[in-house]
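What follows is a short report on a single structure.
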Amino acid sequence: MRKYKVIFFDWDGTAVTSRKSPADAAAQAIAPLLAAGVKLVVISGTSFKNIDNGKFAQRFQPEHRGNLYFGLDRGVNNYGFDTDGKLITIPGVTADRKDILVLHQVCFDFHIKLLKDYDLNTDIVFCRDDYCKIDIGSNIFRGDNQFFSSGELERVNINLAWHGYAGGVRGLVALSRSLGVERGLQLKVTTDAKYIELGFSTKSDNVDAILSHLESAAEDVSDCCFWGDEFLEMDDCVYGSDSFMITDKTKGFDFFDVSDAEGRRPAPVQRLGGGVECFLSFLRDQMLL
Ligand SMILES: [Mg+2]
Numbered sequence: 009m010r011k012y013k014v015i016f017f018d019w020d021g022t023a024v025t026s027r028k029s030p031a032d033a034a035a036q037a038i039a040p041l042l043a044a045g046v047k048l049v050v051i052s053g054t055s056f057k058n059i060d061n062g063k064f065a066q067r068f069q070p071e072h073r074g075n076l077y078f079g080l081d082r083g084v085n086n087y088g089f090d091t092d093g094k095l096i097t098i099p100g101v102t103a104d105r106k107d108i109l110v111l112h113q114v115c116f117d118f119h120i121k122l123l124k125d126y127d128l129n130t131d132i133v134f135c136r137d138d139y140c141k142i143d144i145g146s147n148i149f150r151g152d153n154q155f156f157s158s159g160e161l162e163r164v165n166i167n168l169a170w171h172g173y174a175g176g177v178r179g180l181v182a183l184s185r186s187l188g189v190e191r192g193l194q195l196k197v198t199t200d201a202k203y204i205e206l207g208f209s210t211k212s213d214n215v216d217a218i219l220s221h222l223e224s225a226a227e228d229v230s231d232c233c234f235w236g237d238e239f240l241e242m243d244d245c246v247y248g249s250d251s252f253m254i255t256d257k258t259k260g261f262d263f264f265d266v267s268d269a270e271g272r273r274p275a276p277v278q279r280l281g282g283g284v285e286c287f288l289s290f291l292r293d294q295m296l297l
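Per the numbering used here, the very first residue in the sequence shown carries number 9; after that it's consecutive.
What follows is the structure, encoded as structure tokens:
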């Protein structure tokens with residue numbers, strides 16, 4: 009493994025096993041890299057308060073926090089730190105209020121369609137920033153783990169088929185997109201099998217916004233790598249949320265998957281497996297190079 013100047017990484021399932029797990033090991037591996045000037049960028053679908061209870065950055069010296077960035081909420085919010093270690097916002101994609109109201113209607117259309125035609129009940133989470141998530145696998149219990157695990161896709165597809173819906177997760181992604189178009193929205197739809205997520209941005213927008221920010225600050229972004237545990241193809245040509253870190257801007261860089269799950273991944277992704285420990289070992293080894 010070579011030495012990288014910028015390390016982008018997913019949070020749940022990559023840096024920590026679950027969002028309720030202690031972040032001590034991640035912080036210990038990251039602290040010396042931040043002090044050495046390496047840029048560390050958390051790219052996660054979750055919110056700032058769900059990353060180590062919103063206190064992750066406070067684990068590091070204020071003068072080193074400037075090397076830490078967060079791209080969160082599925083493309084909606086990006087953060088960095090000023091020279092005093094205070095949180096700053098990095099501009100990204102913004103949705104206007106009118107479109108957000110329509111998005112909520114689209115989610116309800118989706119819910120009603122499945123309930124009416126297939127007697128399939130869903131749960132909609134409306135309270136996220138500029139996106140909604142729809143639970144289509146409410147019979148699947150994940151505990152505190154927010155990430156995809158082997159067998160989930162099969163369980164979701166079996167459940168859909170039992171209700172007479174033959175299109176699988178891929179069909180539901182297409183359905184939600186077309187319901188958006190019917191109401192005049194071009195939605196970005198992602199899934200981890202259990203949830204269908206609808207909004208105006210993805211992790212693509214996080215990585216592009218933070219890379220642009222680094223470039224505009226004349227930072228060296230010649231050596232970047234990207235780590236996640238959800239690159240896997242969920243259904244035919246429907247890839248996990250971390251695959252959205254591959255953009256026109258990032259596609260020449262290195263991508264690593266710590267998931268052990270079998271399946272197809274987008275072409276640039278190298279499957280390493282080994283879970284969180286694989287990623288933390290990589291971080292520790294970076295200090296030795
Ligand atoms: Mg993950």
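All C-beta atoms in this analysis are idealised placements derived from N, C-alpha and C, irrespective of residue type, glycine included.
Using the beta-carbon count (16 or more within 10 Å), is residue i buried or exposed?
| i | result |
| --- | --- |
| phenylalanine 68 | buried |
| threonine 210 | buried |
| glutamine 66 | exposed |
| tyrosine 247 | buried |
| cysteine 245 | exposed |
| threonine 102 | exposed |
| glycine 45 | exposed |
| valine 164 | buried |
| lysine 47 | buried |
| lysine 28 | exposed |
| glycine 207 | buried |
| lysine 11 | exposed |
| glycine 83 | buried |
| isoleucine 3 | Residue 3 is absent from the model: the chain starts at 9 and stops at 297. |
| leucine 219 | buried |
| serine 212 | buried |
| leucine 195 | buried |
| glutamate 162 | exposed |
| leucine 122 | buried |
| leucine 180 | buried |
| leucine 291 | buried |
Alpha carbon to alpha carbon, how far is residue i from residue j?
| i | j | result |
| --- | --- | --- |
| leucine 80 | asparagine 214 | 7 Å |
| asparagine 61 | leucine 95 | 15 Å |
| isoleucine 144 | phenylalanine 89 | 37 Å |
| aspartate 117 | histidine 171 | 18 Å |
| alanine 217 | glutamate 238 | 21 Å |
| aspartate 134 | phenylalanine 234 | Here the sequence assigns phenylalanine to residue 134, which means aspartate is not the residue at that position. Taking the straight line from one Cα to the other gives about 29 Å. |
| aspartate 20 | threonine 130 | 24 Å |
| lysine 124 | tyrosine 173 | 12 Å |
| leucine 41 | alanine 33 | 13 Å |
| glycine 53 | leucine 297 | 31 Å |
| aspartate 262 | serine 289 | 17 Å |
| glycine 271 | threonine 91 | 43 Å |
| glutamate 285 | valine 189 | 42 Å |
| valine 367 | alanine 226 | Outside the displayed span of the chain (9 to 297) sits residue 367, for which this structure offers no information. |
| arginine 279 | alanine 269 | 9 Å |
| asparagine 85 | alanine 275 | 28 Å |
| leucine 183 | valine 114 | 10 Å |
| threonine 97 | histidine 221 | 11 Å |
| aspartate 293 | cysteine 232 | 16 Å |
| isoleucine 166 | methionine 295 | 46 Å |
| serine 146 | arginine 178 | 18 Å |
| glycine 74 | lysine 259 | 25 Å |
Give the range of the alpha helix (DSSP H) segment to which residue i is assigned.
| i | result |
| --- | --- |
| cysteine 140 | Element bounds for cysteine 140: not the alpha helix (DSSP H) but the beta strand (DSSP E), 139 to 143. |
| cysteine 245 | Unbroken run through cysteine 245: none, as it is neither H nor E. |
| tyrosine 126 | 105 to 126 |
| tryptophan 170 | 160 to 170 |
| lysine 211 | 211 to 224 |
| valine 181 | 176 to 190 |
| glycine 21 | Premise fails: glycine 21 is in no alpha helix (DSSP H) and is neither H nor E. |
Assuming the contact rule is C-beta atoms closer than 8 Å, residue i and residue j should be a hit. Round their C-beta distance to whole Å, please.
| i | j | result |
| --- | --- | --- |
| isoleucine 76 | leucine 193 | Sequence check: residue 76 is leucine here, not isoleucine. Contact flag wrong, Cβ pair sits at about 34 Å. |
| phenylalanine 287 | alanine 23 | 6 Å |
| glutamate 223 | arginine 273 | The Cβ separation is near 27 Å, so there is no contact. |
| tyrosine 87 | lysine 141 | Wrong, their Cβ atoms sit about 21 Å apart, outside the cutoff. |
| phenylalanine 16 | methionine 253 | 6 Å |
| alanine 35 | phenylalanine 64 | 7 Å |
| aspartate 3 | aspartate 18 | It is not possible to answer for residue 3, since the shown part of the chain is limited to 9 through 297. |
| valine 49 | valine 14 | 7 Å |
| glycine 176 | aspartate 243 | 5 Å |
Candidates the options: which alpha carbon is nearest residue i's?
| i | options | result |
| --- | --- | --- |
| glycine 93 | Phe78, Pro70, Phe134 | Pro70 |
| aspartate 137 | Leu291, Asn129, Arg105 | Arg105 |
| glycine 282 | Ser267, Glu227, Leu291 | Ser267 |
| tyrosine 139 | Thr198, Thr258, Lys28 | Thr198 |
| aspartate 200 | Leu168, Glu160, Gly236 | Glu160 |
| histidine 72 | Val84, Ile38, Val50, Ile51 | Ile38 |
| aspartate 127 | Leu109, Glu162, Leu168 | Leu168 |
| isoleucine 120 | Leu187, Leu195, Val49 | Leu187 |
| glutamate 205 | Leu109, Asp256, Ile132, Gly100 | Ile132 |
Hey, could you find the ends of the beta strand (DSSP E) residue i is sitting in?
| i | result |
| --- | --- |
| glycine 79 | 76 to 80 |
| glutamate 205 | 203 to 207 |
| aspartate 231 | It is not in any beta strand (DSSP E) - aspartate 231 carries neither H nor E in the DSSP assignment. |
| phenylalanine 17 | 14 to 17 |
| leucine 48 | 47 to 51 |
| leucine 95 | 95 to 98 |
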